[in-house]
Each structure stands twice: as C-alpha cells, then as structure tokens.
Amino acid sequence: MTEEGSRAMRAIWSGAVSFGLVNVPVRLYAATSNHDIRFHQVHEVDGGRIRQKRTCSVCGEEVAYSEIAKGYETDDGQLIMLDDDDLATLPTATGHEIDVVQFVPADQVDPLLLDKSYYLEPENKALKPYSLLREALRETDRMAVVKVALRQRETLALLRVRENAIVLQTMLWPDEVREAEFPVLDNDVEVRPQEMAMASSLIDSLSGEFEVDQFEDEYRKAVGELIEYKREHGGGRPAPQEAPAEDTDDMTDLLTALRRSVEAAGGKAEAKPEKPEKSEKAAEEKDEEPAPKKSTRKRSSAKSADEAGDKAEDEPATGTKKATTTRTRRKKADDAEEKAS
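Residue numbering for the sequence shown follows this note's numbering, starting at 472 and increasing by one per position.
Put into structure tokens, the structure is as follows:
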C-alpha cells in the first residue's frame, strides 16, 4: 500500500499489535469497498424519495426514536425487554491492543470462518518490528490468531500477509458457521475409474494461474452503461430539492415548539408598534405638566385631531368642503385645549 493510498483511506481504529514483549503501534483501515450501483426508491410521478416511518405493529402509531427499546422474543413467545441500564451491565471491550494468542499453520484455517479484512499500517517508528513480524509470518507460512476490541466487542481475528502489508482478518465465532447437513449427501455413490479420469482431464484442460484482475462484474458494468445511455438520450431530469426531514425526537420537537412560540410572540408585539410609543409620549407630557389622569387622554385626542386635520389638508377636495373641514378641525382642537387646561 503506497503512502498516497493510505492517505486516501481513513483510519477507523488505532492501537498496537502485542506479541510477547513487543508492541507494534498500528492504524486500521478497511481493505475492501463495495462498488455496487445503489438505487433510491422514488415516487414515479415526481421523483421524490420514499421515506420509511417507524410505526408500531400493535397500535399503528408512529414511534419516536427515544421511545424505541430493545426486545428479545424467546422460543416460548415471551418478550424480554432490555433498557439502557440492563445493557450497561454487559461487559464491553474498549482496549486498543491486538493481542496475539497463538501462531497456526495457514492451511488449518477454514476460509469459511473469515469475515472482514483490514489493513494494518505501522507508525513510522514501528516500521522495523512491523516488517519483522510480516517476514516471520511469510517465512513460516503461519497466521497469528488474535483477539481485538472493535466497536466495543471482543472479536476473534487473524493476522496474515498480503504483499507488503499485514492484514487483520476478522473471523466468525465457531457457532456462527453452519454445517452442511443434507441427508442426500449421506447416500453412497459409486464413481468409476473412467469417470474420474475424464473429470480429471477436464480439470487439467481448464487449469491456470488465478489472476483476479481478469474478472469483471458484468452486471454492474451493464447497469452503468444503461444509466449513461439514458442520461445522454434525455432520460434524466433534475432531482427534486427536498425539504430537510423533521426530527421526531421529543427534545427536538420541544425546542421547535418553543422557537415557534417565541417567534409568534415577537410577531404579535411587532404588529402593534404604535401603542407603546403613544403611552410613552403621554407619560412624558404627564411629567412636564401635572394634570388629572383624563388630561392625558384629552391631549392625545387633541393630537389625533391635529393629525386628522393634516391628513385632510393633504387630500384633494373642493374649496367649500376643505374650508368647512378646516374650521371644524380648529374648533375641535380649541375645545380640547380649553378642557385640558
């Protein structure tokens, strides 16, 4: 694995390989990636994504994530519920060591036990012990059986050599591998020597060196070509822009409700901005000229009359109507000032 390749990948774990008194600091990288072409489920009419809701099979209601518990159904139909406190009592593996248990011949490892593959990259200071372990495994044709904590669970794994890198190969536990229990295989079948010779000859004619690069995923290639053809010949359309999905978590719902309440309260306060200003102006007039409580209301009435008069002057009207309106306005203003004094 080149230095450029290691930078392109992202380490998912860091720790050290421990065998005897030797520790080799390493970083863990996923050795494989899935290149399958994935399709989304969309609405045929408008192309919108299809969303799956979490609903209860008993009451039919949508269930918030915070209300989802873990349950195990026994063979006799009992449902055993486990909460966070129960799960906290379980042993969790949190160490950062790949502990070598033993070294075994490579031909004794059943490939059916192998699960996921990871590359081990040594730190710069650990290159020599890393290389020593790699070459020793290669020279002796052995694999190291190890235990490692991944995702808070102890996992059984192997260390094996691939080109210049050491690979951590996680394994299934023995009880996770099924036996081939097919009754038909228990029947005795007689194979004649001529048939065996012919089968062996056919195998020899098809034998060769295994070069994985000569094989290609024809189905994935055909799907990619089909997509490209439809794109070039007008088979595509702009993907719809979806609104952010609403979080159904209770806390998020509470915060959303509070935010909307604050916005609603602020909107009501801004809808009538004149009332506070009128009250403040009335309070200032009251401080300047002490008067009975009603005088403030009278002065406000006089002010409103003046504003109404100004508005009337701005509007177009006939000479008679304008003169009458002006005299009425002035008379009302004079009466209001006399009453206020």
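C-beta atoms are modelled at their ideal positions from N, C-alpha and C, and glycine is treated no differently.
Span of the beta strand (DSSP E) around residue i
i    : result
K437 : Residue coverage of the chain in this structure runs from 472 to 812, which leaves residue 437 outside it and unanswerable.
M552 : L550 to L553
K618 : R613 to L621
R481 : Note, R481: premise wrong, no beta strand (DSSP E); not H, not E.
L629 : R624 to R633
Q640 : A636 to M642
Cut-off 7 angstroms between Cβ atoms - residues of its own chain near residue i, not counting five sequence neighbours on either side
i    : result
N642 : The sequence shown places Met at residue 642, not Asn. Within the same chain, M642 has close Cβ partners L584, L585, D586, L627, A628 and L629.
D785 : Only weak support exists for where D785 lies, its pLDDT of 46 falling under 50; the coordinates are left without a value.
R605 : V632 and I637
V660 : none
S588 : A502, T503, V638 and Q640
T545 : I551
8 angstroms Cβ cutoff met for residue i and residue j
i    : j    : result
I569 : L639 : yes
V617 : V571 : yes
G737 : I508 : no
F574 : A615 : yes
G566 : A620 : yes
R498 : E592 : yes
A735 : Y590 : no
H506 : R691 : yes
T563 : Q512 : no
P496 : E594 : yes
For residue i, three-class secondary structure by DSSP
i    : result
P593 : strand
D578 : helix
S737 : It is Gly, not Ser, that sits at residue 737 in the sequence shown. Three-state result, G737: helix.
S504 : coil
L608 : helix
Q573 : strand
Q512 : coil
V436 : Here the chain covers residues 472 to 812 and nothing more, so residue 436 does not appear.
S528 : coil
V683 : helix
L656 : helix
D557 : helix
D517 : coil
D547 : coil
L598 : helix
L585 : strand
Spatial neighbours of residue i in its chain, beta-carbon cut-off 6 angstroms, leaving aside the 5 residues before and after
i    : result
E759 : For E759, the predicted structure reports a pLDDT of 47, less than 50, and the residue's modelled location is therefore unreliable. A value from the coordinates is still provided. If we look at E759 and ignore the five residues flanking it on each side, it has no Cβ neighbours.
G707 : none
N494 : A487
V683 : none
V655 : none
Residue i: first and last residue of the uninterrupted alpha helix (DSSP H) it sits in
i    : result
G695 : E689 to E703
R665 : The displayed chain sequence assigns Gln, not Arg, to residue 665. Counting along the chain, the alpha helix (DSSP H) containing Q665 begins and ends at P664 to S676.
Sequence-distant residues of its chain with Cβ nearer than 8 angstroms to residue i (five each side left out)
i    : result
E532 : T526
A540 : M552, L553 and D554
8 angstroms Cβ cutoff, residue i in contact with chain C
i    : result
Y690 : Among the protein chains of the structure shown there is no chain C, as only one such chain exists.
Residue i beta carbon near the ligand NAD (any heavy atom closer than 7 angstroms)
i    : result
M614 : Although the ligand NAD was asked about, the structure shown includes no ligands whatsoever.
On the three-pair Cβ rule with 8 angstroms, is the stretch 701-713 touching the stretch 515-530? For the pair of segments examined, the stretch 701-713 was found to touch the stretch 515-530: the number of CB pairs separated by less than 8 angstroms reaches three.
Give a yes or no on contact between the stretch 486-502 and the stretch 599-607, applying the rule of three or more CB pairs nearer than 8 angstroms. With a cut-off of 8 angstroms, the stretch 599-607 and the stretch 486-502 count as touching, because enough Cβ pairs lie within range.
Between the stretch 609-624 and the stretch 539-558, can you find at least three pairs of beta-carbon atoms closer than 8 angstroms? no
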